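Engineer: For the record, the sequence lines run as chains A and B. Numbering-wise, the working numbering comes out as the position in the first sequence, counting from 1, plus 8. Numbering-wise, the working numbering comes out as the position in the second sequence, counting from 1, plus 8. Every residue gets a Cβ at the ideal spot worked out from N, C-alpha and C, and that includes glycine. Owing to the predicted nature of the structure, the values given are computational and were not obtained by experimental measurement.
There are 2 protein chains.
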Amino acid sequence: MAVSLKDIARRAGVSQATVSNVVNGYRPVGEATRSRVQQAIDELGYTPNLSARHLRRGRTGIIALAIPELNNPYFAELADAAIRAATERGYTLLLDYTDGDRDKELLVADGFRAQIIDGLILSAVHLSRDDVASRTSQTPMVLVGEAIYHAPYDHVVIDNLAASREAMRHLIALGRRRIAFIGAHIEADRAPSLLRLRGYAEALEAAGLPFDPDLTVTTEGFGRGDGAAGMRALLALPEPPDAVFAFNDLIALGAIRALHEHGLRVPEDVCVIGIDDVEEGRFSIPTLTTISPDKEMIGRLAVEKLLDRIEGRPAGPPAEFQPPFRLVVRESAPAAQAQSSSSSSSSSDSSSSS
Amino acid sequence: MAVSLKDIARRAGVSQATVSNVVNGYRPVGEATRSRVQQAIDELGYTPNLSARHLRRGRTGIIALAIPELNNPYFAELADAAIRAATERGYTLLLDYTDGDRDKELLVADGFRAQIIDGLILSAVHLSRDDVASRTSQTPMVLVGEAIYHAPYDHVVIDNLAASREAMRHLIALGRRRIAFIGAHIEADRAPSLLRLRGYAEALEAAGLPFDPDLTVTTEGFGRGDGAAGMRALLALPEPPDAVFAFNDLIALGAIRALHEHGLRVPEDVCVIGIDDVEEGRFSIPTLTTISPDKEMIGRLAVEKLLDRIEGRPAGPPAEFQPPFRLVVRESAPAAQAQSSSSSSSSSDSSSSS
DNA sequence: CGCGATCTGTATAACGTTATAAAGCGATCG
DNA sequence: CGATCGCTTTATAACGTTATACAGATCGCG
């Protein structure tokens with residue numbers, strides 16, 4: 009059925025090895041034979057059988073990106089960037105879900121799929137450094153996101169501490185004094201919100217504001233529903249907050265919805281700021297002020313570092329890479345010189361690091 | 009490095025063929041040897057090499073789902089469902105993008121990736137029936153979505169005509185008389201909005217309302233920005249609409265944003281209804297009334313039909329499958345007995361077909 | 001002119017599976 | 001008692017590539 013190397017070889021009157029060399033360019037081939045072979049390839053419409061190639065080479069040309077869920081547009085946008093980056097480099101990217109489930113994360117890290125993939129980009133939620141440090145699989149891996157730090161793998165993540173501080177500075181500059189944090193997680197193994205939470209606390213201290221434990225809300229997950237629930241809890245307090253710093257945009261959007269249902273205005277009564285800069289926040293009512301990580305670069309960098317390892321390029325010891333982020337000021341927490349209504353997103357202030 | 013069939017065979021003192029039979033169960037194996045082999049497998053931690061298996065078998069166990077983009081949460085949710093369905097059946101699902109680009113759609117349909125995938129689920133935007141009818145690739149394919157009808161392939165899609173009529177009936181029942189449609193596409197090869205547009209026109213006629221061409225707005229794409237732009241065009245009319253039926257939720261949400269920027273209230277001044285039921289619409293302000301297709305079933309059905317073809321199960325001639333949908337009434341176009349503010353989604357009216 | 005070096009091309013052996021044909025071996029049967 | 005059958009197991013040949021070792025030319029250089 010499918011046309012194989014052998015068919016081409018016969019047609020062009022050369023050996024299979026020569027055809028292979030024309031296709032892959034491993035060894036030089038004479039101009040005359042090359043064109044003869046090329047013609048045969050064109051005529052018969054040959055494409056190499058990947059299973060066979062990969063069986064022989066020991067690589068599949070497929071890398072996986074494991075994310076908690078696709079429903080969070082942040083991950084959808086990240087996956088988008090990663091897929092494009094992989095495609096450009098001649099690889100195919102496979103999406104894997106973990107459902108934010110610890111066991112599934114372990115499974116993925118431990119080489120489920122190992123037979124089919126050359127490498128793995130893992131965006132974990134529940135895994136600790138020890139979990140990944142003790143993994144047995146030999147498959148190259150790159151970490152992405154906030155969950156794990158200081159593990160013996162390349163790690164691509166924005167400077168969450170700096171990002172949180174910047175978000176908080178913005179709220180404080182707006183004159184807010186009772187600022188809440190939605191999206192903390194108590195589990196011992198979770199650094200992510202720890203870091204963002206720490207940035208929150210540090211910024212409060214730097215501004216001479218008190219840290220009120222009631223204003224830190226723990227959530228189950230990271231969705232709009234979690235944000236709404238968290239906000240409702242805050243509104244039940246005797247003294248509700250006048251601003252909210254959310255772990256991510258989805259939580260922020262859920263919080264805005266809950267505020268709306270309570271008859272409170274954003275930003276007049278309560279300012280809200282998130283992290284992620286998902287497209288939704290550019291059209292929501294009000295539009296969402298947020299920290300915008302360079303998702304394109306995160307995806308690209310993760311793929312690049314992974315391929316360096318896979319293809320055995322000199323890459324040095326595992327390192328942490330920090331793509332830039334920037335504060336995008338929109339309606340939910342407007343610029344300090346109090347503006348009022350519409351007008352589209354205007355960005356300000358950008359900070360980055362290597 | 010990796011442990012292979014040969015290692016197991018040696019360890020258990022049997023032939024490779026026997027090990028293969030234990031793993032695959034093609035031929036019976038004696039109880040004694042079976043357990044000996046199984047033990048060796050467990051001890052050495054053997055997993056079959058997929059490239060080799062598939063080289064031999066001629067199948068890869070991978071199917072692809074080609075969608076225009078991941079940024080539209082509708083497709084993200086659909087992909088989610090399809091991935092789960094494929095996983096359940098022992099297949100791996102690969103996501104492919106077409107960027108809503110006609111050439112890329114053709115490329116995908118014509119068997120780019122053919123070497124790596126056993127089958128394809130295609131959600132096209134620009135392809136016509138003739139495009140797919142004349143494709144050369146032998147790879148089994150199932151169509152999903154509104155673009156192509158009556159092609160010689162299984163096709164999974166909701167009854168768009170009925171869905172549109174139902175959405176329109178709801179708006180008309182609310183007393184709206186100048187109802188606009190955002191998201192029409194003029195290209196000759198596009199049936200999708202044609203069908204929804206036709207439902208729109210038919211519903212107008214059925215209600216004895218005039219069809220005003222000014223109220224049908226063509227858009228470039230299907231995103232929030234397109235919806236906002238379309239709405240602005242409508243608001244520039246001498247006599248703006250009092251309701252909007254949007255091609256999908258994203259367009260609807262963009263329209264709501266544009267209305268807000270114009271100082272108009274939804275639903276009091278203008279009612280808005282979409283199609284897709286993306287999660288975002290359950291938290292937007294106002295929450296979005298929409299037609300909710302059963303995405304779970306669309307994904308599951310598409311995978312199922314594709315696997316039937318791949319695995320050679322008797323499946324009869326290509327057919328069209330219509331998963332159910334239902335109208336979900338929320339704030340942007342509330343129930344007829346005029347309610348006012350918050351309260352969560354309440355569904356009504358469901359219709360389905362085979 | 002002869003010998004090594006280069007440059008092209010070929011034959012062949014893997015890679016890890018699974019399908020096919022055949023072999024071993026009791027037991028059954030005519 | 002020899003032939004036949006059924007059951008389990010094995011040996012072997014693919015599947016379509018690429019890597020390795022090698023064989024002929026052609027060429028440069030002493």
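Taking 8 Å as the CB-CB cut-off, is A196 of chain B touching chain A?
Structural biologist: In this prediction, A196 of chain B has a pLDDT of 49, which is less than 50 and means its spatial position is unreliable; what the coordinates show is noted afterwards. Chain A contact via Cβ: absent.
Engineer: Quick one: grab the DSSP three-state call for A196 of chain B.
Structural biologist: Any answer about A196 of chain B is weak, because its pLDDT of 49 lies below 50 and its placement is not dependable; what the coordinates show is given next. The answer is coil: DSSP assigns A196 of chain B none of H, G, I, E or B.
Engineer: State buried or exposed for H158 of chain B, treating a residue as buried only when at least 16 other CB atoms are found within 10 Å of its CB.
Structural biologist: exposed
Engineer: Which of the three DSSP states, helix, strand or coil, is assigned to I283 of chain A?
Structural biologist: strand
Engineer: State yes or no: is the beta carbon of A237 of chain A nearer than 8 Å to at least one beta carbon in chain B?
Structural biologist: no
Engineer: Please list the terminal residues of the continuous beta strand (DSSP E) segment that includes H158 of chain B.
Structural biologist: Counting along the chain, H158 of chain B falls outside any beta strand (DSSP E), and DSSP gives it neither H nor E.
Engineer: What are the residues in the stretch 121 to 134 of chain A lying within 7 Å of chain B by C-beta distance?
Structural biologist: Q123 and I124
Engineer: Going along the chain, which residues of its own chain have a beta-carbon closer than 8 Å to the beta-carbon of S362 of chain A, five neighbours each way excluded?
Structural biologist: The predicted position of S362 of chain A is uncertain, since its pLDDT is 33 and thus under 50; no value can be drawn from it.
Engineer: For a contact meaning CB atoms closer than 7 Å, what does G262 of chain B contact in chain A?
Structural biologist: F291
Engineer: Below 6 Å CB to CB, which residues in the same chain sit around T224 of chain B once its five sequence neighbours on both sides are set aside?
Structural biologist: F189 and A192
Engineer: Quick one: list the residues of chain B neighbouring D88 of chain A, beta-carbon separation under 9 Å, in chain order.
Structural biologist: E77, L78, N79 and Y105
Engineer: Comparing C-alpha positions only, which one of B:P148, B:D222 and B:H62 sits nearest to V252 of chain B?
Structural biologist: Taking V252 of chain B as reference, the option from B:P148, B:D222 and B:H62 with the minimal CA-CA separation is B:D222.
Engineer: Can you pull the DSSP bridge partners for L151 of chain B?
Structural biologist: B:L130 and B:H163
Engineer: Using 8 Å as the limit for Cβ to Cβ distance, is E85 of chain A near chain B?
Structural biologist: yes
Engineer: Quick check: is the beta carbon of E96 of chain A nearer than 8 Å to any beta carbon in chain B?
Structural biologist: no
Engineer: Which residues mark the beginning and the end of the beta strand (DSSP E) in which D302 of chain B is found?
Structural biologist: For D302 of chain B, there is no enclosing beta strand (DSSP E), as DSSP marks it with neither H nor E.
Engineer: Do the stretch 122 to 137 of chain A and the stretch 310 to 321 of chain A meet, that is, are 3 or more Cβ pairs less than 8 Å apart?
Structural biologist: yes
Engineer: Taking the C-alpha atoms as reference points, what is the distance between K14 of chain A and L13 of chain B?
Structural biologist: Taking the straight line from one Cα to the other gives about 27 Å.
Engineer: Spatial neighbours of Q24 of chain B within its chain, please: CB distance less than 7 Å, with the 5 preceding and 5 following residues excluded, ordered by chain position.
Structural biologist: L13, K14 and A17
Engineer: Look at the Cβ atom of G69 of chain B, then the Cβ atom of Y99 of chain B, and state whether they are nearer than 8 Å.
Structural biologist: yes
Engineer: Against chain A, which members of the stretch 291 to 314 of chain B pass a CB distance test of less than 9 Å?
Structural biologist: F291, S292, I293, P294 and T295
Engineer: For R64 of chain B, does the count of other Cβ atoms within 10 angstroms reach 16, so buried, or fall short, so exposed?
Structural biologist: exposed
Engineer: Can V278 of chain A and D250 of chain A be called in contact, C-beta distance under 8 Å?
Structural biologist: yes
Engineer: If distances are taken between C-alpha atoms only, which option among A:A266, A:M239, A:G231 and A:A214 comes closest to D257 of chain A?
Structural biologist: A:G231
Engineer: Would S136 of chain B pass as an interface residue toward chain A - the criterion being a Cβ-Cβ separation below 8 Å?
Structural biologist: no
Engineer: Kindly list the residues whose CB is nearer than 8 Å to the CB of S28 of chain B, restricted to its own chain and excluding five residues on each side of it in sequence; keep chain order.
Structural biologist: L13 and Y34
Engineer: Return the Cβ separation of G207 of chain A and A254 of chain A in integer angstroms, given the expectation that the two are a contact with Cβ distance under 8 Å.
Structural biologist: G207 of chain A to A254 of chain A, Cβ: 13 Å. No contact.
Engineer: Check T95 of chain B in the structure and name its three-state DSSP category.
Structural biologist: helix
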